[in-house]
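Colleague: Here the sequence shown is numbered in the numbering used here, starting from 837 and rising by one per residue.
Using N, Cα and C, we set each Cβ at its ideal position, and we do this for glycine too.
The following block contains the structure, expressed as structure tokens.
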Amino acid sequence: MAKNRHLFIALSNPVEGREDEYNAWYDARHVPECLAVPGFKSGQRFKLSASTGGAPQQRYLALYELEGEDPQAILEQLQASRDDRTQSDAFDRSSLDMWVFSPIGEKQFAPGDES
837 MAKNRHLFIA LSNPVEGRED EYNAWYDARH VPECLAVPGF KSGQRFKLSA STGGAPQQRY
897 LALYELEGED PQAILEQLQA SRDDRTQSDA FDRSSLDMWV FSPIGEKQFA PGDES
């Protein structure tokens with residue numbers, strides 16, 4: 837990952853009983869709207885499928901790749917655009933945790949796999 841690339845991780849849950857609505861909103865509206873914010877380069881969602889310990893509070897993860905000198909400034913742009921983005925009451929806001937991680941080393945690959 838290049839020096840000015842960062843990973844933005846968002847963990848969350850749907851409101852109980854509204855998982856289908858949450859997933860439809862997240863995939864069709866939320867991810868594309870986040871990707872319209874300057875500095876957001878890609879996004880992909882995941883659902884918890886295995887664990888080595890106890891289950892975490894959140895079952896869903898959104899992973900975005902950011903590009904820019906200052907990841908905090910990118911997050912501030914995301915916050916500033918909140919009123920312009922579609923909200924969903926199927927999204928349990930109280931479950932949301934977010935972090936940005938910046939690379940400290942080069943990406944490494946398994947032998948024979950450069951993907």
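Thinking just about the alpha-carbon of each residue, which of R841, K883, L914 and H842 is nearest to the one in P868?
Modeller: Along the sequence shown, one-based indexing puts residue 868 at 32. Measuring from the Cα of P868, the nearest candidate turns out to be L914.
Colleague: When the Cβ atoms of the segment 881 to 890 are set against those of the segment 933 to 948, are three or more pairs found closer than 8 Å?
Modeller: no
Colleague: For L899, is the classification buried or exposed, using 16 other Cβ atoms within 10 angstroms of its Cβ as the cut-off for buried?
Modeller: Along the sequence shown, one-based indexing puts residue 899 at 63. Exposed, since its Cβ has fewer than 16 Cβ neighbours within 10 Å.
Colleague: Buried or exposed: which applies to S848, given that a residue is buried once 16 or more other Cβ atoms fall within 10 Å of its Cβ?
Modeller: Stepping through the sequence shown from its first residue, residue 848 is reached at position 12. S848 is buried by the Cβ-count criterion.
Colleague: For I940, is the classification buried or exposed, using 16 other Cβ atoms within 10 angstroms of its Cβ as the cut-off for buried?
Modeller: Start at 1 with the first residue of the sequence shown, and residue 940 comes out as number 104. Exposed is the call here.
Colleague: Is it buried or exposed for I845, if we count other Cβ within 10 angstroms and need 16 for buried?
Modeller: In the sequence shown, residue 845 corresponds to position 9, counting from 1. Residue environment for I845: exposed (fewer than 16 other C-beta atoms within 10 angstroms of its C-beta).
Colleague: Suppose contacts are defined by Cβ-Cβ distances below 9 Å. Is V873 in contact with D928 by that definition?
Modeller: In the sequence shown, residue 873 corresponds to position 37, counting from 1. In the sequence shown, residue 928 corresponds to position 92, counting from 1. Not closer than 9 Å, so no.
Colleague: When the Cα atoms are used, what is the spatial distance from T922 to R865?
Modeller: Looking up residue 922 in the sequence shown gives position 86. Looking up residue 865 in the sequence shown gives position 29. Whole-angstrom Cα-Cα distance: 7 Å.
Colleague: Alpha carbon to alpha carbon, how far is R918 from G875?
Modeller: Taking the sequence shown and counting its residues from 1, the one referred to as residue 918 is at position 82. Taking the sequence shown and counting its residues from 1, the one referred to as residue 875 is at position 39. Each residue's Cα considered, the two are about 15 Å apart.
Colleague: In terms of DSSP beta bridges, what is I845 paired with?
Modeller: The residue given as residue 845 occupies position 9 in the sequence shown. Answer by DSSP bridge pairing, in chain order: L899 and W935.
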